[in-house]
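Numbering (the numbering used here), first residue to last: 692 to 915.
From the three backbone atoms N, C-alpha and C, an ideal C-beta is built for every residue, glycine too.
Predicted model, so just to flag it, every value in this text is computed and none were measured.
For reference, the structure discussed in these notes is given below.
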């Protein structure tokens, strides 16, 4: 499970807050919970003291930072941290008016089962990379009223917030679904279709366990 925060602020404004959040996350899962990091070429390295210094230097870059950390447990990556801090408003993003900085924290499903879903932020089942999300902050184009008019599946709730924002909730806890049993998650599909114009496509990382085709197919798993 992952908790992703989309921030319509440039890296330079959120970097310190991201670092503080990362330190809290490491404290919660244990200092050895994130013991591998990806370099700028997508290769994974042991996070020793030198590696941690490199991560801190990247976080303190003035305009852009891209950081990926995972644990190296034998039963797969139970914990993961992803951060993509952008220089919003730069010429390089002129064709991405909805671009945001984003940070994600991963937890195993066992953690959710132990703690319960109530303390959570917004869940999305995913694989190794940061998959299948939409740009936060764009729902003002629909508004709470517009969302309610287009989301009719039982169990979907739309809560209006200040500033024309809205929160969409699908039940008390995540649904895994089962295509072989005909459990196609119609509520998730309905929401995905409404938000398709703002579908977030993650940058493909060489060396990932997924191919780029598999990544794109996963991102559209509720649409195709």
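What did DSSP end up calling residue 727 once you bin it into helix, strand or coil?
Here residue 727 is taken as the residue at index 36 of the chain shown, counted from 1. Strand.
Since residue 835 and residue 857 should fall inside the 8 Å C-beta cutoff, what is the C-beta to C-beta distance between them, to a whole number of angstroms?
The residue given as residue 835 occupies position 144 in the chain shown. The residue given as residue 857 occupies position 166 in the chain shown. About 4 Å separates the two Cβ atoms, so the contact holds.
Find the nearest neighbour of residue 877 within the set 889, 842, 838 and 887, judged by alpha-carbon distance.
To locate residue 877, count along the chain shown from 1; it is residue 186. Answer by Cα proximity: 842.
Report yes if the C-beta of residue 884 is less than 7 Å from at least one heavy atom of the ligand SAH; otherwise report no.
With respect to the ligand SAH, the structure shown offers nothing to examine, as it has no ligands at all.
Name the two residues that bound the continuous alpha helix (DSSP H) containing residue 798.
Counted from its first residue, the chain shown places residue 798 at position 107. Careful: residue 798 lies outside any alpha helix (DSSP H) and carries neither H nor E.
Starting from residue 774, trace the beta strand (DSSP E) in both directions and tell me its first and last residue.
Translated into positions along the chain shown, residue 774 becomes position 83. Looking at the DSSP string, the run of the beta strand (DSSP E) that includes residue 774 is 771-776.
Check residue 741 in the structure and name its three-state DSSP category.
As a first step, residue 741 must be located in the chain shown, where it is residue number 50. The answer is helix: DSSP assigns residue 741 an H, G or I state.
Compare the Cα-Cα distances from residue 860 to each of 908, 879 and 789 and report the closest residue.
Looking up residue 860 in the chain shown gives position 169. That would be 879, whose Cα lies nearest to the Cα of residue 860.
Assign residue 653 to one of three DSSP states: helix, strand, or coil.
Because the chain here runs from 692 to 915, residue 653 falls outside it and cannot be looked at.
Is it true that the CB of residue 713 sits closer than 8 Å to the CB of residue 738?
Here the question's residue 738 lines up with position 47 in the chain shown. Here the question's residue 713 lines up with position 22 in the chain shown. Contact: no.
Measuring CB to CB, does residue 692 end up less than 8 Å from residue 865?
Residue mapping note: residue 692 aligns to position 1 of the chain shown, counting from 1. Residue mapping note: residue 865 aligns to position 174 of the chain shown, counting from 1. Yes; because the gap between Cβ atoms is below 8 Å, this pair is in contact.
Would you be able to state if there are at least three C-beta pairs under 8 Å between the region 768-788 and the region 738-755?
Result yes; three or more Cβ-Cβ pairs closer than 8 Å.
Of all the options 730, 910, 723 and 871, which has the alpha carbon lying nearest to the alpha carbon of residue 888?
If you number the chain shown from 1, residue 888 lands on position 197. Comparing Cα positions, the closest option is 910.
Using DSSP with H/G/I as helix, E/B as strand and the rest coil, what is residue 916?
Nothing can be reported for residue 916: it is not among the residues displayed for the chain, which extend from 692 to 915.
Quick check: what's the CA-CA separation for residue 848 versus residue 913?
If you number the chain shown from 1, residue 848 lands on position 157. If you number the chain shown from 1, residue 913 lands on position 222. C-alpha separation (whole angstroms): 19 Å.
In terms of residue numbering, what span does the beta strand (DSSP E) encompassing residue 756 cover?
Here the question's residue 756 lines up with position 65 in the chain shown. Where residue 756 is concerned, the enclosing beta strand (DSSP E) stretches over 756-761.
I'd like the ranges of any alpha helix (DSSP H) spanning at least 4 consecutive residues and lying wholly in the region 868-893.
Within the region 868-893, the complete alpha helix (DSSP H) runs of at least 4 residues are 877-886.
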